[in-house]
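A.B. asks: For the sequence shown, our numbering gives the first residue as 35, with consecutive numbering after it.
Glycine included, each C-beta is placed from N, C-alpha and C at the ideal position.
So that we are looking at the same thing, I have put the structure below in structure tokens.
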Amino acid sequence: MADADTVRITDPGDPRLWDYRNLRTGTGATESAAPRRPESSLGHVVVEGHLALRRCLEGPLRLRSVLMTPARASSLADLRGRLDGDTPVYVADRGVLAELTGFDVHRGVLASADRPEPRDPASLRERYRRIVVLEGLSDLENVGAAFRVAAALGLDAVLLGPGCADPLYRRCVRVSLGWSTVLPHARSQDLVSDLAGLAAAGFSTVALTPGAGALAVDRAANEGVLDDPVALVVGAEGPGLTEQAMAAAGHRVAIPMSGDADSLNAATALAVVASFAAAARSWDRP
35 MADADTVRIT
45 DPGDPRLWDY
55 RNLRTGTGAT
65 ESAAPRRPES
75 SLGHVVVEGH
85 LALRRCLEGP
95 LRLRSVLMTP
105 ARASSLADLR
115 GRLDGDTPVY
125 VADRGVLAEL
135 TGFDVHRGVL
145 ASADRPEPRD
155 PASLRERYRR
165 IVVLEGLSDL
175 ENVGAAFRVA
185 AALGLDAVLL
195 GPGCADPLYR
205 RCVRVSLGWS
215 TVLPHARSQD
225 LVSDLAGLAA
235 AGFSTVALTP
245 GAGALAVDRA
255 ANEGVLDDPV
265 ALVVGAEGPG
275 LTEQAMAAAG
285 HRVAIPMSGD
295 ADSLNAATAL
305 AVVASFAAAA
315 RSWDRP
């Protein structure tokens, strides 16, 4: 694609930058006072940082604009060359960005993209074979980290249950290094029903829990519990999975702990179990 022209901006009140106003406080056009749920999000996604933006360019989202500091505009000429010719690239000093957004944009790059239409949860089980299921993860960084883990360890898609943070919220996109804009995901309105749908479609539904009676992850991998098609079900830190979600899962798997430690955070637990699942795909089991 041709290198996009840049437009110099000196006024933080310039209406062309409306997508980026008051990101910290949530009182502008982009992120509301209660931004963690998708119903409170507006019609676009804010991407922060050049690594997240590079990843976003590999996905289906259509960029509305890019906003950079002069230093970033100079150093990221290759990235600007990947933009559609009609995507405006605005350049503003760091002080202008700070006044505009409400925080110091030390990464020097922001982008705005159209928010995609929601996916039907059923479409995930029809098209993908390795699915992460998140229940009650309201922490933005945990959700972002879960997407990054999923991408790194060969998981295909993410199903978010009620109460999960919006994966397209700015901080979540940043922590995921942009993977939440690329990896297919859908939001479930009835997680128990969707887990039943996964099981009916032949998925091994695996609840991650430190509870008594759960199968150790190494044994689960060796016995084929983590084989494709598989859905790894992860709960929030603290409460973990609900009894309803665990009852709907076909298997319970635990990560053995040492000493007084009794659990890992959600994304780390997912990484451990997903790494066993990835390794098991190459094992020559009888």
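Return yes when the Cβ of A283 is within less than 7 Å of the Cβ of A241, no when it is not.
C.D. replies: Taking 7 Å as the Cβ cut-off, A241 and A283 qualify as a contacting pair.
A.B. asks: Return helix, strand or coil for R164, following the three-state DSSP convention.
C.D. replies: Looking at R164 - three-state DSSP - the assignment turns out to be strand.
A.B. asks: Grab me the residues of N176's own chain with a C-beta within less than 6 Å of its C-beta, minus the 5 sequence neighbours each way, in chain order.
C.D. replies: Correct list, in chain order: A300, A301.
A.B. asks: Is V207 near the ligand SAM, judged by its Cβ being under 6 Å from some heavy atom?
C.D. replies: Ligands in the displayed structure: none, and consequently the ligand SAM is not present.
A.B. asks: Starting from E82, follow the beta strand (DSSP E) in both directions and report where the run begins and ends.
C.D. replies: Element bounds for E82: 78-82.
A.B. asks: Taking C-alpha atoms, which residue in A111, N256, L57 lies nearest to A311?
C.D. replies: When only C-alpha atoms are compared, the closest one is N256.
A.B. asks: For V264 versus E92, is the C-beta spacing smaller than 7 Å?
C.D. replies: Taking 7 Å as the Cβ cut-off, V264 and E92 do not qualify as a contacting pair.
A.B. asks: Measuring alpha carbon to alpha carbon, tell me which of S108, S172, E151, D173 ends up nearest G142.
C.D. replies: When only C-alpha atoms are compared, the closest one is S108.
A.B. asks: For the segment 246-256 against the segment 164-174, do three or more pairs of beta-carbon atoms, one drawn from each stretch, fall closer than 8 Å, so that the two count as touching?
C.D. replies: Cβ pair count under 8 Å is below three, so no.
A.B. asks: Could you tell me how far apart the beta carbons of V79 and A126 are, in whole angstroms, since I believe they sit closer than 8 Å?
C.D. replies: Rounded, the Cβ-Cβ distance is 20 Å, inconsistent with contact.
A.B. asks: Which residue or residues does DSSP assign as beta-bridge partners of L194?
C.D. replies: Answer is L168, R221.
A.B. asks: Just the C-alpha distance for S238 and L232, rounded to the nearest angstrom, thanks.
C.D. replies: Their backbone Cα atoms lie some 8 Å apart in a straight line.
A.B. asks: Using three-state DSSP, classify Y124 as helix, strand or coil.
C.D. replies: Strand, per DSSP.
A.B. asks: Would you mind giving the Cβ-Cβ distance between A248 and V307, rounded to the nearest angstrom? I have them listed as a contact below 8 Å.
C.D. replies: No, A248 and V307 are not in contact; Cβ-Cβ is about 11 Å, not under 8 Å.
A.B. asks: D294 lies in the alpha helix (DSSP H); which residues open and close that run?
C.D. replies: Segment: none, D294 is in no alpha helix (DSSP H) and carries neither H nor E.
A.B. asks: Between the alpha carbons of P218 and P150, how many angstroms are there, rounded?
C.D. replies: One C-alpha to the other measures close to 11 Å.
A.B. asks: Taking DSSP as the reference, what is the three-state secondary structure of S210?
C.D. replies: Note: S210 maps to coil in three-state DSSP.
A.B. asks: Can you tell me the Cα-Cα spacing of G77 and A313, whole angstroms?
C.D. replies: Approximately 40 Å, taken between the alpha carbons.
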